[in-house]
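Data first, discussion second: the structure below is written as structure tokens.
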Amino acid sequence: MINKVGIVIVSHSAKLASGVEELARQMTQVLVPIALAAGIDDPENPLGTDAMRIKAAIESVYSEAGVIVLMDLGSAVMNAEMALEFLPENTRNNVRLCEAPLVEGAIVAVIESASDANLERVLASTRDALSAKISQLNANVRCIKEQEYSLINNQDTIPKSTAHSRRITIVNPNGLHLRPAANLVATAARFQSEIKLQNLTTRGKPCSAKSINQVMLLGVRQGDELLITAEGEDGEEALADLQKLIQEQLDNPSSSAPYSSFLTALEGIPASPGIAIAPAFFYKSAPLEIADEKIQIDEQLEWQKLQQAIQKAIEQLENLSRSSTYEVNSVFAAHLLYLKDLELIERSRTFIFEQALSAPAAWKKLIEELIASYQALPDSYLRARAADVEDVGLRVLRLLSGVDSPTLNLTRTGILIAVDLSISEMAQLNSGNIKGICTVEGSATAHSVLLANQLGIPMVVGLGQKLLSIADNTELAIDGTTGEIWSEPSEEICQNLRSKDSISQSKTIFTEAITLDGQTIPILANIGGSVNARHALECGAQGVGLLRTELLYLSSSTPPTEEEQLKTIEEIAVIMGDYPLTIRTLDIGGDKPVSYLNLPPEDNPFLGVRGIRQSLVRPDILKTQLRAILRASLKYKIKLMFPMISSVQEIRAAKQLVLQVQMELKAQGIGFNQAIPIGIMIEVPSAAIMADQLAAEVDFFSLGTNDLAQYIMAADRTNTQVAALSDAFEPAVLRMIQQTVKAAHNAGIRVGICGQLASEPKAVPILLGLLVDELSVNPQAIPAIKEEICRQSFKQTQSTIDVILQLDSAAAVKDYLLNW
Numbered sequence: 000m001i002n003k004v005g006i007v008i009v010s011h012s013a014k015l016a017s018g019v020e021e022l023a024r025q026m027t028q029v030l031v032p033i034a035l036a037a038g039i040d041d042p043e044n045p046l047g048t049d050a051m052r053i054k055a056a057i058e059s060v061y062s063e064a065g066v067i068v069l070m071d072l073g074s075a076v077m078n079a080e081m082a083l084e085f086l087p088e089n090t091r092n093n094v095r096l097c098e099a100p101l102v103e104g105a106i107v108a109v110i111e112s113a114s115d116a117n118l119e120r121v122l123a124s125t126r127d128a129l130s131a132k133i134s135q136l137n138a139n140v141r142c143i144k145e146q147e148y149s150l151i152n153n154q155d156t157i158p159k160s161t162a163h164s165r166r167i168t169i170v171n172p173n174g175l176h177l178r179p180a181a182n183l184v185a186t187a188a189r190f191q192s193e194i195k196l197q198n199l200t201t202r203g204k205p206c207s208a209k210s211i212n213q214v215m216l217l218g219v220r221q222g223d224e225l226l227i228t229a230e231g232e233d234g235e236e237a238l239a240d241l242q243k244l245i246q247e248q249l250d251n252p253s254s255s256a257p258y259s260s261f262l263t264a265l266e267g268i269p270a271s272p273g274i275a276i277a278p279a280f281f282y283k284s285a286p287l288e289i290a291d292e293k294i295q296i297d298e299q300l301e302w303q304k305l306q307q308a309i310q311k312a313i314e315q316l317e318n319l320s321r322s323s324t325y326e327v328n329s330v331f332a333a334h335l336l337y338l339k340d341l342e343l344i345e346r347s348r349t350f351i352f353e354q355a356l357s358a359p360a361a362w363k364k365l366i367e368e369l370i371a372s373y374q375a376l377p378d379s380y381l382r383a384r385a386a387d388v389e390d391v392g393l394r395v396l397r398l399l400s401g402v403d404s405p406t407l408n409l410t411r412t413g414i415l416i417a418v419d420l421s422i423s424e425m426a427q428l429n430s431g432n433i434k435g436i437c438t439v440e441g442s443a444t445a446h447s448v449l450l451a452n453q454l455g456i457p458m459v460v461g462l463g464q465k466l467l468s469i470a471d472n473t474e475l476a477i478d479g480t481t482g483e484i485w486s487e488p489s490e491e492i493c494q495n496l497r498s499k500d501s502i503s504q505s506k507t508i509f510t511e512a513i514t515l516d517g518q519t520i521p522i523l524a525n526i527g528g529s530v531n532a533r534h535a536l537e538c539g540a541q542g543v544g545l546l547r548t549e550l551l552y553l554s555s556s557t558p559p560t561e562e563e564q565l566k567t568i569e570e571i572a573v574i575m576g577d578y579p580l581t582i583r584t585l586d587i588g589g590d591k592p593v594s595y596l597n598l599p600p601e602d603n604p605f606l607g608v609r610g611i612r613q614s615l616v617r618p619d620i621l622k623t624q625l626r627a628i629l630r631a632s633l634k635y636k637i638k639l640m641f642p643m644i645s646s647v648q649e650i651r652a653a654k655q656l657v658l659q660v661q662m663e664l665k666a667q668g669i670g671f672n673q674a675i676p677i678g679i680m681i682e683v684p685s686a687a688i689m690a691d692q693l694a695a696e697v698d699f700f701s702l703g704t705n706d707l708a709q710y711i712m713a714a715d716r717t718n719t720q721v722a723a724l725s726d727a728f729e730p731a732v733l734r735m736i737q738q739t740v741k742a743a744h745n746a747g748i749r750v751g752i753c754g755q756l757a758s759e760p761k762a763v764p765i766l767l768g769l770l771v772d773e774l775s776v777n778p779q780a781i782p783a784i785k786e787e788i789c790r791q792s793f794k795q796t797q798s799t800i801d802v803i804l805q806l807d808s809a810a811a812v813k814d815y816l817l818n819w
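What follows is the structure in structure tokens.
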């Protein structure tokens with residue numbers, strides 16, 4: 000981990016902040032973590048600041064060394080103060096808001112951080128950033144100070160004795176200017192010796208060579224004689240390096256050129272952080288030509304066509320929703336609301352029967368009106384929701400027109416370029432070759448950006464039409480944090496970006512999550528396929544705690560074969576290497592229907608035939624899946640897990656099927672791991688209550704807190720009226736987790752959590768206190784969870800968990816955690 004003070008630059012202008020960062024970075028060759036929180040996502044009024052963006056910037060550069068936040072003016076200060084309120088207390092206490100001027104402050108802060116100064120020293124130096132400028136401009140002040148010093152020291156200021164010293168005459172016309180001064184400070188900071196500089200020409204006081212402000216206050220100009228002294232064991236070595244540095248950068252002015260020169264081809268809106276360097280790959284969705292003119296139609300037939308297309312679109316969205324992460328699921332759930340809005344549907348019916356429009360023309364007119372309504376809203380976030388309406392509308396229009404849904408399948412590694420991307424297009428990503436995304440249009444609040452962040456794909460939006468002038472296969476470099484892209488970047492630019500990416504990775508990804516008192520907690524990932532697997536490893540996953548196998552079934556019109564499933568499992572297992580891969584068997588039925596299984600409708604699908612119940616009803620489907628899993632277990636570290644177990648009888652029936660498949664494979668001479676670990680998901684209250692008996696049947700538990708919370712609280716998490724009740728922070732849920740963990744440990748088996756609660760950094764103290772053995776989280780949450788664990792004392796969480804369990808609500812638990 001890079002243990003240097005992080006710098007956050009808050010400005011109303013994204014361009015100004017980017018320029019300040021570029022200038023500050025040129026002051027030292029030592030890489031310092033810097034993040035920008037500048038501008039707002041409003042193309043018409045881009046100037047402004049946002050508290051949540053400041054919070055994210057702080058978190059992105061945070062380490063135990065702390066963070067300095069520099070602001071320009073007005074709302075920047077207020078939003079910075081607000082951002083601190085959203086941070087955990089232990090993080091907030093290690094962040095300093097600094098009133099120094101933005102440009103000078105950033106330069107000094109970066110130089111001091113590069114020299115490994117601690118937080119308070121960086122803060123003090125940054126606050127004094129204007130002193131050198133004031134001294135240089137105010138000649139009277141300088142003369143007065145020199146006169147005062149001469150009166151006090153009525154003798155030669157050259158030290159009479161010192162262990163090591165060098166005299167250097169400055170020949171550069173610019174004197175000891177900022178960049179070489181910064182490099183001098185960084186070089187001096189590498190040595191243990193006390194190093195002093197003194198301007199003999201002006202008879203100034205000796206100052207520390209490790210302070211940029213003091214060095215600049217020397218006012219060293221052309222012809223001045225500089226005395227460098229060093230006291231310490233490495234003093235002679237320090238003097239030699241400093242003399243060489245000064246002579247190279249000042250005697251040879253051409254050598255003091257900027258450390259890196261960024262010739263930015265285009266600047267857009269930063270959307271998803273990260274660095275990507277790869278050839279350009281253009282994507283363009285198939286155009287839809289829908290005639291608006293009235294034609295002779297059969298109104299009833301057109302209305303029937305539209306209803307069928309809407310129903311088919313609903314089925315597609317439900318399938319996408321079930322195969323997506325929790326956050327993306329909520330987006331598709333919102334899309335479903337549009338298609339189930341009776342008022343909208345009735346309006347499209349009016350267009351057909353009263354205006355004699357065809358089904359495609361009627362639907363197109365309806366969507367265009369709705370988009371215009373959203374675009375007229377004053378709030379930029381709500382205006383961005385017009386993209387969701389367009390996405391839903393195009394889905395139905397494609398079905399009406401017989402045009403296939405787009406699939407983003409790169410046949411080679413590249414940076415995808417498009418006019419814009421909907422979340423539906425993003426959800427169809429089926430290749431790990433997409434290294435970055437650039438769009439002509441788009442907003443940083445678009446839901447496609449949410450998915451790019453979850454997949455760990457750097458993304459820049461709003462780059463304008465010039466983006467389309469880039470030739471296909473041109474080498475590109477993009478910085479998703481600053482919103483910059485470079486066409487045919489130089490090797491210097493590429494190296495600088497790779498170094499920046501390396502700092503970001505090393506800052507956030509710990510090899511292990513170890514508490515302050517030495518307790519190690521394995522952190523695994525929840526994934527749905529091979530793309531997620533690669534991203535999980537990049538985020539620092541130590542294996543897969545939950546592989547959702549539903550995607551294979553939901554994305555197909557027929558059940559996937561044994562060989563298809565085996566190929567997918569092995570592809571992911573190869574990516575994971577020696578790390579464990581926990582595969583959950585098919586979790587469908589009830590609220591997750593698969594068309595080709597012809598599942599009957601249910602009045603209450605959440606309490607119906609789902610998960611293991613559906614698998615036991617169709618053992619042929621489960622046995623095919625078990626054969627693939629068992630075959631893969633021969634070569635790879637595979638663990639088998641059954642979902643929605645609610646009774647001992649269910650797990651025994653599932654294990655009996657495993658035994659049958661093992662016997663069949665053995666008879667066929669097909670190898671498998673006979674000792675494959677078998678576990679269950681604890682997702683319903685009955686399983687938690689019977690955990691002691693269930694533990695005797697399996698090798699491990701995994702708690703699915705999303706379902707467990709909704710069943711305990713009797714609150715459907717997809718129902719907006721009661722969803723807030725389905726909160727895993729509720730003491731009732733936490734008590735049931737504790738009961739489950741105790742039963743498992745008494746039986747000598749391990750317990751993990753793979754629900755959303757595991758991905759919440761603020762829940763870490765609770766989960767440690769509940770003695771959970773491992774966490775399986777969304778890949779993008781891994782760095783934050785590991786970092787939070789490393790801040791905690793395992794023993795302290797044990798001593799306070801009983802207090803938390805006595806609280807009376809989720810709100811009370813969260814309030815308690817704010818003061819943790």
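Take the sequence shown: its position 123, counting from 1, is numbered 122 in numbering that gives the first Met the number 0, and each next residue is one higher. Glycine included, every Cβ here is placed at the ideal spot set by N, Cα and C.
Residues bridged to residue i by DSSP?
i    : result
D478 : I274, E483
C437 : I416, V459
S701 : M680, G751
F641 : I679
G5   : V66
R165 : I227
Buried or exposed: where does residue i fall if 16 or more other Cβ atoms within 10 Å of its Cβ makes it buried?
i    : result
A56  : buried
Q755 : buried
A108 : buried
K195 : buried
M425 : buried
P600 : exposed
A256 : Note that A256 has pLDDT 37, beneath the 50 cutoff, so the model's placement of it is unreliable and the number below is only indicative. That one is exposed.
L462 : buried
Give every residue of the same chain whose Cβ lies closer than 6 Å to the Cβ of residue i, excluding the five residues on either side of it in the sequence, and list them in chain order.
i    : result
I681 : A687, F700, L702, T739
K14  : none
S820 : Since the first residue shown for the chain is 0 and the last is 819, residue 820 is missing from the structure and cannot be characterised.
I351 : E298, E301, W302, A361
A809 : D726, F728, E729
So, at 7 Å on beta carbons, what are the nonlocal neighbours of residue i in its own chain, with the 5 sequence-adjacent residues on each side left out?
i    : result
E224 : R166, T168, L199, T200
A708 : S725, D726, A727, E729, V732
R348 : W302
Measuring CA to CA, which of the options is closest to residue i?
i    : options                : result
N452 : I344, I436, K465       : I436
D390 : Y373, E367, S421       : S421
S130 : L175, D115, S59, V214  : V214
A535 : E601, C789, I456, R612 : I456
Q191 : C206, D233, A180, G413 : D233
M735 : Q518, G218, P760, V683 : V683
I133 : K339, E103, A187, D115 : E103
I106 : S284, D419, T27, I526  : T27
L515 : E786, L693, M70        : E786
Hey, is residue i's beta-carbon within less than 8 Å of any beta-carbon in chain D?
i    : result
R348 : The structure shown contains no chain D; it is built from a single protein chain.
For residue i, I'd like the list of residues in its chain whose CB is within less than 8 Å of its CB, leaving aside the five on either flank, ordered along the chain.
i    : result
V660 : K622, L625, R626, L629
M712 : L724, S725, D726, E729, A731, V732
A312 : L338, V391, R394, V395, L398
R411 : P278, F280, N432
Problem set entry | Three CB pairs or more closer than 8 Å across the segment 538-552 and the segment 563-578 | Contact holds: three or more Cβ-Cβ distances are below 8 Å.
For this session: Count the CB pairs spanning the segment 29-36 and the segment 7-18 that are closer than 8 Å, and state whether there are at least three.
Result: Touching, yes.
For this session: Count the CB pairs spanning the segment 123-133 and the segment 204-212 that are closer than 8 Å, and state whether there are at least three.
Result: The segment 123-133 is in contact with the segment 204-212.
Exercise. So does the segment 294-303 actually touch the segment 342-357, counting three or more Cβ pairs closer than 8 Å?
Worked result: Segments in contact, yes.
Exercise. Does the count of Cβ pairs from the segment 794-807 and the segment 765-780 closer than 8 Å reach three?
Worked result: Yes, the segment 794-807 touches the segment 765-780.
For this session: Answer yes if the segment 86-93 comes into contact with the segment 56-66, meaning at least three C-beta pairs across the two stretches below 8 Å, and no otherwise.
Result: Using a Cβ-Cβ distance cut-off of 8 Å, the segment 56-66 and the segment 86-93 are in contact, since at least three pairs of beta carbons, one from each stretch, lie closer than that value.
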